[in-house]
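Enquirer: Going left to right, the sequence shown walks through residues 1 to 214 as the UniProt record's numbering numbers them. Where a beta carbon is used, it is the ideal one built from N, C-alpha and C, also for glycine. None of the values given here were measured: they were computed from a predicted structure.
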Amino acid sequence: MSVKRMLATLKSLFGIGLIAPVALSAFGGFSMLAVNEGGKKDRRQAPAVEEPAAEEPAASPAPAAKGMQKTTVSAGTSITGTISSDGHVEMLGEMKGDIDAKGNVRICGQVTGNVQGNNIEMVACRVQGNVTASAILTMDGESVLVGDIGAARATINGRVKGNVTTREAAVFNQNAMLLGDVTSELVTIDQGAVIHGALKVLRDKEIEKAFENL
1 MSVKRMLATL KSLFGIGLIA PVALSAFGGF SMLAVNEGGK KDRRQAPAVE EPAAEEPAAS
61 PAPAAKGMQK TTVSAGTSIT GTISSDGHVE MLGEMKGDID AKGNVRICGQ VTGNVQGNNI
121 EMVACRVQGN VTASAILTMD GESVLVGDIG AARATINGRV KGNVTTREAA VFNQNAMLLG
181 DVTSELVTID QGAVIHGALK VLRDKEIEKA FENL
């Protein structure tokens with residue numbers, strides 16, 4: 001179709017006398033400036049094609065905080081030597097030697113040697129040696145210890161042949177049996193517990209002196 005015929009067709013349909021391209025948009029749309037018979041200008045904008053929004057990259061998950069590793073000696077396993085760990089230790093087997101851990105220690109087997117850790121849990125175990133917890137020690141009613149206990153707090157429900165020294169509190173539950181002395185700032189003895197030894201309640205300065213060599 002010729003330009004003149006196209007202009008004539010537009011004039012008959014829309015009353016437009018002249019069409020001139022003005023500008024092309026960046027997205028393929030265009031504007032037309034039309035002059036009608038009355039001399040008025042009419043600007044019509046073709047719809048612009050919207051560009052899809054760019055997807056933001058998914059944020060990487062923050063790395064999980066790494067906790068202490070745990071060393072487990074399984075039931076039926078026997079070890080002769082020393083266990084020294086920066087993490088936790090769980091003893092389910094038999095140990096002949098010392099256990100020294102910066103983390104927590106859980107004993108469910110048999111140990112012949114000294115045990116040191118942060119929190120120490122004794123569950124149905126047999127230990128011959130000194131047990132020292134920098135925080136809390138708990139001992140259930142099926143555990144037996146031949147050795148001394150040292151801790152900030154101790155809750156005892158088993159049988160102990162040795163001395164118990166705590167900085168803050170010592171609690172003896174109803175099934176506890178102690179053959180030895182107790183030294184602490186606070187001592188609680190439940191009905192049924194048996195203590196055969198001396199009981200000494202310390203003041204602050206005496207407590208610090210008692211723990212100087214621990």
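#1: What whole-angstrom Cβ distance do glycine 158 and methionine 122 have, given they're in contact under 8 Å?
#2: Whose C-alpha, out of Asp100, Gly103, Ala152, Gly129, is nearest the C-alpha of glycine 113?
#3: Measuring alpha carbon to alpha carbon, tell me which of Asn175, Gly76, Leu178, Val164 ends up nearest leucine 186.
#4: Mind checking serine 184: buried by the 16 CB within 10 Å criterion, or exposed?
#5: Using the Cα positions of serine 78 and cysteine 125, report the straight-line distance between them to the nearest angstrom.
#6: Counting only the same chain and skipping the five closest in sequence on each side, list residues whose C-beta sits under 6 Å from that of threonine 82.
#7: Can you tell me the Cα-Cα spacing of methionine 91 and alanine 151, whole angstroms?
#8: Is DSSP giving alanine 62 helix, strand or coil here?
#9: Mapping the DSSP letters down to three states, classify lysine 209 as helix, strand or coil.
#10: Thinking C-beta only, is glycine 147 closer than 8 Å to valine 131?
#11: Residues in the same chain with beta-carbon distance under 6 Å from glutamate 94, minus the five sequence neighbours each way, listed in chain order, please.
#12: Quick one: grab the DSSP three-state call for methionine 139.
#13: Between glutamate 142 and glycine 67, what straight-line distance do the alpha-carbon atoms span, to the nearest angstrom?
#14: Roughly how many angstroms separate the alpha carbons of glycine 76 and arginine 203, rounded to a whole number?
Expert: In short, the structure shows the following:
#1: Against the sequence shown, residue 158 aligns to sequence position 158. Against the sequence shown, residue 122 aligns to sequence position 122. Sure, about 7 Å apart at Cβ, within 8 Å.
#2: Along the sequence shown, one-based indexing puts residue 113 at 113. Glycine 113 has its Cα closest to that of Gly129, out of Asp100, Gly103, Ala152, Gly129.
#3: What you label residue 186 is simply residue 186 of the sequence shown in a count that begins at 1. It is Val164 whose Cα lies nearest to the Cα of leucine 186.
#4: Position 184 of the sequence shown, counted from the start, is the residue given in the question as residue 184. Buried, because 16 or more other Cβ atoms sit within 10 Å of the Cβ of serine 184.
#5: Counting from 1 along the sequence shown, the entry for residue 78 is found at position 78. Counting from 1 along the sequence shown, the entry for residue 125 is found at position 125. One C-alpha to the other measures close to 15 Å.
#6: If you number the sequence shown from 1, residue 82 lands on position 82. Counting only Cβ-Cβ distances below 6 Å, and skipping sequence neighbours, we find Gly97, Asp98.
#7: For the purposes of this step, residue 91 is taken as the residue at position 91 of the sequence shown. For the purposes of this step, residue 151 is taken as the residue at position 151 of the sequence shown. One C-alpha to the other measures close to 19 Å.
#8: Your numbering for residue 62 matches position 62 in the sequence shown. With a pLDDT of 40 at alanine 62, under the threshold of 50, the modelled position of this residue cannot be trusted, and the question is left open.
#9: Here residue 209 refers to the residue found at position 209 of the sequence shown. Looking at lysine 209 - three-state DSSP - the assignment turns out to be helix.
#10: Looking up residue 131 in the sequence shown gives position 131. Looking up residue 147 in the sequence shown gives position 147. If you check the CB distance, valine 131 and glycine 147 come in under 8 Å.
#11: For the purposes of this step, residue 94 is taken as residue 94 along the sequence shown, with counting starting at 1. Cβ within range, chain order: Ser78, Gly109, Gln110.
#12: Taking the sequence shown and counting its residues from 1, the one referred to as residue 139 is at position 139. Correct three-state label for methionine 139: strand.
#13: In the sequence shown, counting from the first residue as 1, residue 142 sits at position 142. In the sequence shown, counting from the first residue as 1, residue 67 sits at position 67. Going from the Cα of glutamate 142 to the Cα of glycine 67 covers about 30 Å.
#14: Within the sequence shown, residue 76 is the residue found at index 76, counting from 1. Within the sequence shown, residue 203 is the residue found at index 203, counting from 1. Going by the C-alpha atoms only, they are around 45 Å apart.
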